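Note sheet for the following structure.
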Amino acid sequence: MALTIGSKLFKKQYLSTILDFRIMKFLRFFILLLTVASCATKKYIDKQGLAKGIKSATEETYVVVDDQKRLVHQKQMIFTRNGRIKYSKTVDASGHLVQETKKKLWFVVEIYPDKEAYYCKTRWKPKQRERISCYTKKRYKQNESVYHYNTDGTIAKIVDHFAPFHKAYFYYTNKERSKIVIRDKNEALIDEVLLYCVTKDEKGNCLKEIRISTKTNRTEETILKLHYH
Numbered sequence: 500m501a502l503t504i505g506s507k508l509f510k511k512q513y514l515s516t517i518l519d520f521r522i523m524k525f526l527r528f529f530i531l532l533l534t535v536a537s538c539a540t541k542k543y544i545d546k547q548g549l550a551k552g553i554k555s556a557t558e559e560t561y562v563v564v565d566d567q568k569r570l571v572h573q574k575q576m577i578f579t580r581n582g583r584i585k586y587s588k589t590v591d592a593s594g595h596l597v598q599e600t601k602k603k604l605w606f607v608v609e610i611y612p613d614k615e616a617y618y619c620k621t622r623w624k625p626k627q628r629e630r631i632s633c634y635t636k637k638r639y640k641q642n643e644s645v646y647h648y649n650t651d652g653t654i655a656k657i658v659d660h661f662a663p664f665h666k667a668y669f670y671y672t673n674k675e676r677s678k679i680v681i682r683d684k685n686e687a688l689i690d691e692v693l694l695y696c697v698t699k700d701e702k703g704n705c706l707k708e709i710r711i712s713t714k715t716n717r718t719e720e721t722i723l724k725l726h727y728h
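According to the numbering used here, the sequence shown holds residues 500 to 728 in order.
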């Protein structure tokens, strides 16, 4: 009888140990997944060549004609500790919503005033690339682009997989973005935009940037207001 009770206790303890081991194994696996999810995508601050420690930012884009500026849109961004966009809201010159984004665990929700929300997933690919795909109802693909990165995390090239299938090439001078060349799927030139940083803060972030199209001569001015942790 004592042997039977002892055997039952041993079996119970053994099963409990196995269960604890499986739970810990699952937890370690889940933590690994979270780590991969948080590290797989490139950080916004790295893509834009910004310094670390930014808590929030406001970006204002103007069109400049005859030295007169006209606001096109304003974008407010709140960042995670590691430099990814947690929340953003873009409005036009009249204050009407253009786009709102919310970062979730596995995807980013893009909200629009005149169409269904997009659910965008980022998948890391070999050779410093990301594939960003956006869906409606989490099922119907609406657009997809592949981002190619330099080793420092800045954008090297963006290739659209949906019409009009444009490609954007990014060029840098002294580690600063200086030119964007846009081509069609046959590599025919569509536009070339020259970028000039006019004002920087003490951390080297560009606060005022001028963009000039060599094709249309359109001039834009971007003002960036940063808040640090």
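Ideal Cβ placement from N, Cα and C applies to all residues, glycine included. Treat the numbers as computed from the prediction; the structure is a model and nothing was measured.
Three or more C-beta pairs below 8 Å linking the region 566–573 and the region 668–680: no
Verify whether the separation of the beta carbon atoms of LYS656 and ASP690 is less than 8 Å. no
Look up LYS666 in the DSSP assignment and say whether it is helix, strand or coil. strand
Is LYS603 helix, strand or coil when you go by DSSP? Coil at LYS603, not helix or strand.
Spell out the partners DSSP gives THR672 in its beta bridges. GLU675
Tell me which residues share the same chain as HIS726 and place their Cβ nearer than 8 Å to its Cβ, disregarding the 5 neighbours each side in the sequence. ILE553, LYS554, SER555, ALA556
Can the beta-carbon of PHE661 be found less than 8 Å from the beta-carbon of GLU686? No; because the gap between Cβ atoms is not below 8 Å, this pair is not in contact.
Answer yes or no: do THR653 and GLY548 have a C-beta to C-beta separation smaller than 8 Å? yes
Report the three-state DSSP secondary structure of LYS546 (helix, strand or coil). helix
Under the three-state DSSP convention, the category THR713 falls into: coil
Buried or exposed for GLU701, please, with buried defined as at least 16 other CB atoms from any protein chain shown within 10 angstroms of its CB. exposed
So the beta strand (DSSP E) ILE699 belongs to, where does it begin and stop? Reading the sequence as shown, one finds Lys at residue 699 and not Ile. Looking at the DSSP string, the run of the beta strand (DSSP E) that includes LYS699 is 688–699.
DSSP on GLU615, reduced to helix/strand/coil? coil
Taking the straight line between their C-alpha atoms, what separation do you get for THR650 and THR635? 32 Å
To the nearest angstrom, how far is the alpha carbon of LYS684 from that of TYR543? 26 Å
When you compare each of TYR695, HIS572, VAL608, LYS678 to THR589 by their alpha carbons, which one comes out closest? HIS572
When the Cα of VAL608 is compared with those of GLU615, THR600, LYS614, which residue comes out closest? THR600
Taking the beta carbon of LEU596 as the centre, do at least 16 other beta carbons fall within 10 Å, making it buried, or is it exposed? exposed
Roughly how far, in whole angstroms, is the beta-carbon of LYS620 from the beta-carbon of SER632, given that I think they are within contact range, below 8 Å? 5 Å
How would you call GLY594, buried or exposed, if buried means at least 16 neighbouring beta carbons within 10 angstroms? exposed
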